[in-house]
Amino acid sequence: MQYLSTRGGAEPVLFSEAVSQGLAPDGGLYLPVSFPDLSDQLDRWTTLSYPELCYEFFKYFATDLEDSDLRDAIFKAYSNFSHSEIAPLVPLSENWQVLELFHGPTLAFKDFALQLLGNFYELQIRRTGRELCVLGATSGDTGAAAISGLLGKSGVTVFILYPDGKVSPLQERQMTCTGADNVFPLAIEGTFDDAQKTVKELFGDLSFRESMGLSAVNSINLARILAQSVYYLYAWLRLSPKDREVTQFVVPTGNFGNVFAGWLLTKMGIQMGGFRVATNQNDVLHRLFDSGNYLLGDVSPSLAPSMDIQVASNFERLLFYFFEGNAERVNEVMHKFRSEGRYSFEDFSIAGFSSSSTSDSEIPELIQKVWTEHQYLVDPHTACAFKNLSITDRAVILATAHPAKFPQVFEQAGLGKPTSPVLDALLDQSPQKYKISVDSGAVRSFIEKKLKPA
Ligand SMILES: *Cc1c(COP(=O)(O)O)cnc(C)c1O
376 MQYLSTRGGA
386 EPVLFSEAVS
396 QGLAPDGGLY
406 LPVSFPDLSD
416 QLDRWTTLSY
426 PELCYEFFKY
436 FATDLEDSDL
446 RDAIFKAYSN
456 FSHSEIAPLV
466 PLSENWQVLE
476 LFHGPTLAFK
486 DFALQLLGNF
496 YELQIRRTGR
506 ELCVLGATSG
516 DTGAAAISGL
526 LGKSGVTVFI
536 LYPDGKVSPL
546 QERQMTCTGA
556 DNVFPLAIEG
566 TFDDAQKTVK
576 ELFGDLSFRE
586 SMGLSAVNSI
596 NLARILAQSV
606 YYLYAWLRLS
616 PKDREVTQFV
626 VPTGNFGNVF
636 AGWLLTKMGI
646 QMGGFRVATN
656 QNDVLHRLFD
666 SGNYLLGDVS
676 PSLAPSMDIQ
686 VASNFERLLF
696 YFFEGNAERV
706 NEVMHKFRSE
716 GRYSFEDFSI
726 AGFSSSSTSD
736 SEIPELIQKV
746 WTEHQYLVDP
756 HTACAFKNLS
766 ITDRAVILAT
776 AHPAKFPQVF
786 EQAGLGKPTS
796 PVLDALLDQS
806 PQKYKISVDS
816 GAVRSFIEKK
826 LKPA
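Residue 766 in our numbering is what sits at position 391 of the sequence shown, and the numbering runs on without skipping anything.
Now the structure itself:
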């Protein structure tokens, strides 16, 4: 299988190359040139365990990896999860089920991709002998999950930018209390979008990128998307056959990575009942699906901080299919959007998507409502999925984080603070972070000093 850039200006590459590059050299995102038809496999796959299913799925995409390496990478990644089913499906009512994606080491769904990505990087370094420098921006959970996935991996140095004071104290501790000497959490002045912009700028400097061996772990990395497709498939296979085509997946969304991963399955012969894009008050995507206007606003910090995003990177991948693979059109829209901060689509409709937006005042109310009606505790991101969800809708709700990760909100919801032993253990460790200006020059010289000390 080969991979092409959404902007049409990069040579096709194989899986390992697409994964170690992250962002394509022309600034676009990688997508597979074609999709396998999985419909013939589904009967056989219904009984597979999570890692087995993941392996079968990835065999179609990671065609340049040895089967045994691929299998090891996958089985090792999911051995770090604390639930035997990895992604258990928990019934809430007759029509609703929650797909719990928070049983990985950092208690958010991003572990699904990043535990695996760390192992793919190791394979890549073994193959090429070249060390990698991982650079990413995070609104909290990506950084924690990336750091956990890459901790102590030899040949990998990790630089993660995050907005100082705008991630939860526990998320910050997950990033800064690792004690690992290959990890540098950089607390920048500014927002997540500022951090992401700096990261994009540094990736845009091809000579810097080449000399440092930069790789991206943000959800622009194709391996992350594919790893996330697997839990949609796993959940779908667990629905009764008559429900599969009518059950919608409700997905708390920021960067559009998670929901895009699910939607990709519809291109592989899987009949799904649609996707609901559930945003918080930073609702650029909701407005897009509602009105066709893609309009950049200011990020307003919310109770669901991992979704405090205005520029949804992975939207570019959807755009590629919206324009039926016309990379020139993708280029045009992305440039216009970048220079003007807006784009209006005359007719933006993609079958299968609906959306919602949840304000901060509604989040504690939704948490309380779900608790009262179903005795189930959701974190503030997952709470957004319940906005306008009808009890008669057949739905799989993605629970993207463990409630103990965001304990502040529960007081407002009139509930006790949830806890987790994994997080409590962090309180005994001493944090180490590096405060830095968001200016790309400052970040560049920090990286150079660490990697190539004079
Ligand atoms: C990252 C994250 C999201 C948003 O995921 P996207 O892939 O950016 O849409 C939602 N909830 C939690 C808890 C997250 O960590």
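Glycine residues also receive a C-beta, built at the ideal position from the N, C-alpha and C atoms. If you're wondering where the values come from, they're calculated on a predicted model, not measured in any experiment.
- Bridge pairing for Q377: L389 [DSSP].
- Annotation for G511: the continuous beta strand (DSSP E) segment containing it runs 507-512.
- The beta carbons of A452 and P426 sit closer together than 9 Å.
- Within the segment 485-544, complete beta strand (DSSP E) segments of at least 3 residues are found at 507-512, 531-538, given in chain order.
- In the DSSP assignment, I563 falls outside any alpha helix (DSSP H) and lies within the beta strand (DSSP E) extending over 558-563.
- I772 is the residue among A800, I772, V818, I822 whose C-alpha sits nearest the C-alpha of P466.
- Note on geometry: alpha-carbon atoms of G565 and D539 lie some 7 Å from one another.
- Residue side-chain check: N657 keeps its Cβ at 8 Å or more from all non-hydrogen atoms of ligand 1.
- When C-beta atoms of the segment 671-685 are compared with those of the segment 611-629, three or more pairs fall below 8 Å, so the two segments count as touching.
- Between R651 and S734, the C-beta spacing is not below 9 Å.
- Comparing C-alpha distances from K541 to each of D516, T532, G384 shows the shortest one belongs to D516.
- With the rule of 3 Cβ pairs closer than 8 Å, the segment 634-649 does not count as touching the segment 570-582.
- Look at M682: its beta carbon is less than 8 Å from one of the heavy atoms in ligand 1.
- For G648, the CB contacts under 6 Å within the same chain, skipping 5 residues up- and downstream, are E620, V621, T622, Q623 in chain order.
- Using a Cβ-Cβ distance cut-off of 8 Å, the segment 596-614 and the segment 476-492 are in contact, since at least three pairs of beta carbons, one from each stretch, lie closer than that value.
- Y669 sits in a strand when the DSSP states are folded into three classes.
- Beta-bridge partners of R717 (DSSP): L670.
- Judged by DSSP in its simplified three-state form, A779 adopts helix.
- Pairwise C-beta distances place the segment 462-477 in contact with the segment 739-752, as three or more of them are shorter than 8 Å.
- Note: F728 is bridge-paired with F650 in the DSSP secondary-structure output.
- G632 has its CB nearer than 8 Å to a heavy atom of ligand 1.
- Under the criterion of beta carbons closer than 8 Å, F456 and G493 do not qualify as touching, at roughly 14 Å.
- Close CB contacts of R704 within its chain, under the 7 Å cut and outside five residues either way in sequence, are with F698 (chain order).
- Here A636 is buried, its C-beta having at least 16 other C-beta atoms within 10 Å.
- Cβ-Cβ distances below 8 Å link E721 to G667 in the same chain, with the five nearest sequence neighbours on each side left out; the list follows chain order.
- Only buried fits N593, as 16 or more other CB atoms lie within 10 angstroms of its CB.
- DSSP places I461 in no beta strand (DSSP E); its state is neither H nor E.
- With a beta-carbon spacing of about 7 Å, V394 and Q499 fall inside the 8 Å limit used to define contacts.
- By the CB criterion at 9 Å, V558 and V574 fall outside the cutoff.
- One thing to note: F495 has its Cβ within 9 Å of the Cβ of S391.
- If you draw a 10 Å sphere on the C-beta of P407, you find 16 or more other C-beta atoms in it, and that means buried.
- Taking 9 Å as the cut-off, the Cβ atoms of Y669 and Y609 do not count as close.
- At least one heavy atom of ligand 1 lies closer than 8 Å to the C-beta of N689.
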